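First the structure, in the form of structure tokens, and then the observations on it.
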Amino acid sequence: MARDEELKKRWDLVVEKLSNQFADGDKLDLDSIIYLIGVQELGQIHREYKKDHKLDLMHIAICKVLEPYGFYEFDFVDDDGWPHYKVKAQLPHLKAGEQSILMKEAIVNYFIETEYIS
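Per full-length UniProt numbering, residue 1 is the first one in the sequence shown, and the count goes up by one each step.
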């Protein structure tokens, strides 16, 4: 199976499983999935977040999923339990479609690593 086809198949599986688990089957979009990863990585699941914190959660997720690509490196956890990352390399300038593919690939790899999908 071609790499693009495999990515699409795995992405669709991630969307389906997360949508069923967290959105009563309503299809989650990329930003919603990034947000869920941020909540998972923070580990403070049963609390409500203000808008600023929601953006911070998405940042945590982006750093986490792009860490294996060499763009970020985990640095420390602050006194409030929030992880912080250092920039190791600048993200390349990508077109919107290329950026979406990179994020989907990174998210699929994250869920393979966490054994949410195989």
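Every residue, glycine too, gets a C-beta built ideally from N, C-alpha and C.
On a predicted model such as this, the values are computed, not experimentally measured, just so you know.
Residue i burial status per 10 Å Cβ neighbour count (16 or more: buried)
i: V77; result: exposed
i: A96; result: exposed
i: L91; result: exposed
i: F74; result: exposed
Proximity winner among the options, relative to residue i (alpha-carbon distances)
i: L18; options: L30, L7, K8; result: L30
i: V15; options: L57, K104, D52; result: K104
i: K86; options: P92, Y72, Q99, L94; result: Y72
Straight-line Cα distance separating residue j from residue i
i: A2; j: L55; result: 34 angstroms
i: D24; j: L36; result: 15 angstroms
i: I107; j: I34; result: 8 angstroms
i: L94; j: V65; result: 17 angstroms
i: H53; j: R47; result: 11 angstroms
i: Q21; j: K27; result: 11 angstroms
Residue i in three-state terms, based on DSSP
i: K50; result: coil
i: E115; result: coil
i: H84; result: strand
i: N75; result: Correcting the residue identity first, residue 75 is Asp in this sequence and not Asn. D75 falls in the strand class under three-state DSSP.
i: D56; result: helix
Near the ligand SAM: residue i beta-carbon under 7 angstroms from a heavy atom
i: C63; result: With respect to the ligand SAM, the structure shown offers nothing to examine, as it has no ligands at all.
Report task. Spell out a yes or no on whether the stretch 58-73 and the stretch 29-47 are touching, meaning 3 or more CB-CB pairs, one atom from each, closer than 8 angstroms. Result -> yes
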